[in-house]
Amino acid sequence: MKRTLALLLSIVMLLSLFAACDKKTADEHEGHNHDEPSESLPADENAIAYKDLASSSFDVDAMKTAEGREPDATTEIADGTPLYIYNNVAYLDFTFTQVQYTFSDTRNKISCTISTDDPATTQKDLKDSVTELYGEPSESTTSSDASVYTWRETGSKNYITLMQLNADTVQLAFNFDK
97 MKRTLALLLS IVMLLSLFAA CDKKTADEHE GHNHDEPSES LPADENAIAY
147 KDLASSSFDV DAMKTAEGRE PDATTEIADG TPLYIYNNVA YLDFTFTQVQ
197 YTFSDTRNKI SCTISTDDPA TTQKDLKDSV TELYGEPSES TTSSDASVYT
247 WRETGSKNYI TLMQLNADTV QLAFNFDK
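Note that our numbering has the sequence shown beginning at 97, numbered continuously upward.
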């Protein structure tokens, strides 16, 4: 029951993040950049990647190859975009409770979530692992004062965010803009 509730909350948070990202994109087109992190990755750092997926050009077949299997579930989010779900995925020495893929005309997104009894420690450990790969992130806070860490790829709109979604879930999200 607790896992089902965590899964439902994760999906609701994912949908609200999509809505917030779409609003942010619209604001950027109007010349507003009030939520933009000020730091980006140095030019000599690696391109942002999840497993072997390093650009917005990957597709469902590349996703299946990277995960080594078919999705555990497939559904659609509110606008009809397919959502591909994998459970219990190993990455960066962590086992993510769930990894969700979405592909749209403007962005591919990979959302990795971990349900844990100690989200603060899990977030710190994930931050340390990602920082080893991409350098120091920028840090901001949500309206509820939760820390959000962002790593940006120089010369592109690709970025990674790490945040605590709720009382027992941490999310590491990879965003690949087209």
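Just so it is clear, CB atoms sit at the ideal spot from N, CA and C, and this is done for glycine as well. Predicted model only: the values in this text are computed from it and were never measured.
Indicate the three-state DSSP secondary structure (helix, strand or coil) for residue i in the structure shown.
i, result
"P215", "helix"
"V108", "Annotation note: pLDDT 47 at V108 (below 50); position unreliable, coordinate value reported separately. Correct three-state label for V108: helix."
"S252", "coil"
"K205", "strand"
"N262", "strand"
"T257", "strand"
"D140", "For D140, the pLDDT reaches just 39, beneath the cut-off of 50, and the residue's location in the model is therefore unreliable, leaving the point undetermined."
"S243", "strand"
Taking the alpha-carbon positions, what's the residue i to residue j distance?
i, j, result
"L225", "A145", "The identity of residue 225 in the sequence shown is Ser, whereas the question assumes Leu. Distance between the alpha carbons of S225 and A145: 14 angstroms."
"D175", "Q196", "16 angstroms"
"R165", "T237", "36 angstroms"
"P167", "K274", "23 angstroms"
"Q219", "S153", "29 angstroms"
"D264", "F192", "13 angstroms"
"A150", "D213", "31 angstroms"
Hey, could you find the ends of the alpha helix (DSSP H) residue i is sitting in?
i, result
"A162", "V156 to E163"
Between which two residues does the beta strand (DSSP E) holding residue i run?
i, result
"E232", "Note, E232: premise wrong, no beta strand (DSSP E); not H, not E."
"L268", "T265 to D273"
"P178", "P178 to Y187"
"T191", "F190 to F199"
"E166", "Note, E166: premise wrong, no beta strand (DSSP E); not H, not E."
Residues in the same chain with beta-carbon distance under 7 angstroms from residue i, minus the five sequence neighbours each way, listed in chain order, please.
i, result
"D241", "none"
Identify, in the order they occur along the chain, each residue of the same chain with its Cβ nearer than 6 angstroms to the Cβ of residue i, setting aside the five sequence neighbours on each side.
i, result
"F270", "Y146, I206 and I256"
Ordered along the chain, which non-local residues of its own chain (more than five positions away) have a Cβ less than 8 angstroms from that of residue i?
i, result
"E163", "K147, Y182, V185 and V195"
Check: Are at least three pairs of beta-carbons, each pair with one atom in the region 179-189 and one in the region 244-253, less than 8 angstroms apart?
Finding: No: fewer than three Cβ pairs fall under 8 angstroms.
Notebook entry, point to check: Does the region 246-262 come within contact of the region 183-201, defined as at least 3 CB pairs closer than 8 angstroms?
Noted result: By the criterion of at least three beta-carbon pairs nearer than 8 angstroms, the region 246-262 is not in contact with the region 183-201.
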